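Only one structure is covered here, and it is reproduced in the block below.
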Amino acid sequence: MIFRAIAIWFLILIFAVVNGFVRERFLIPSLGDLPGHIVSTLILSAVVLVVIIATAGWIGFDNFSGAFLVGVMWVVMTLAFEFLAGHYLFGDPWEKLLADYNVLHGRIWPLVLITELIAPAIAVWLKTRG
């Protein structure tokens, strides 16, 4: 299950990179900085939710505890990528990276992390419900 979950995280990473391109190229120029980030975050959160629910059977989520652990793993991987690659690979200053987490200034990026965390459990709930 772990290797499949990691594979899906890489798929989500690809969607996140495409989402970032769309945000920078189209959303921010047409909507402005803050609205562009908000729309981009909402789109990515929806995509993450759909991808996780659609692939939950393949990943092999059988119970809430396993699903929750995968969600935690995805959040840790995302934070590691966001900060380590963002700073050391892409050269973004720490202040810029942390700015996306400032919900008091309208940044809702943590919604993506919350989605990654709870979507596996939602997938298990949907599976047991049906």
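The numbering of the sequence shown is the working numbering, which starts it at 1074 and goes up by one.
Beta carbons: idealized from backbone N, C-alpha and C, even for Gly.
It should be emphasised that the depicted structure is a prediction, and the values quoted were computed from it without experimental measurement.
Is the beta carbon of Ala1192 closer than 9 Å to that of Val1121? yes
Inter-residue Cα distance where the pair is Phe1088 and Leu1117: 8 Å
Arg1096: buried (16+ other C-beta within 10 angstroms of its C-beta) or exposed? buried
Quick one: measure Cβ to Cβ for Leu1100 and Gly1179, integer angstroms, because I've assumed they're closer than 8 Å. About 15 Å; that fails the 8 Å criterion.
If you compare alpha carbons, which of Thr1188, Arg1202, Ala1172 and Ala1194 is closest to His1110? Ala1172
Does the beta-carbon distance from Met1146 to Ile1075 come in below 9 Å? yes
Shortest alpha-carbon distance to Lys1200 belongs to which of Ile1079, Leu1157, Ile1132 and Asn1175? Ile1132
Any chance you could list the beta strand (DSSP E) runs of at least 3 consecutive residues sitting entirely within the segment 1120–1195, in chain order? none
Pick out whichever of Ala1196, Thr1114 and Gly1164 has its Cα sitting closest to the Cα of Leu1186. Thr1114
Shortest alpha-carbon distance to Ile1144 belongs to which of Leu1157, Gly1105 and Ala1129? It should be noted that the sequence gives Gly, not Ile, for residue 1144. The option with the nearest alpha carbon to Gly1144 is Ala1129.
Kindly list the residues whose CB is nearer than 7 Å to the CB of Thr1206, restricted to its own chain and excluding five residues on each side of it in sequence; keep chain order. As displayed, the chain neither begins before 1074 nor continues past 1203, which places residue 1206 out of reach and without an answer.
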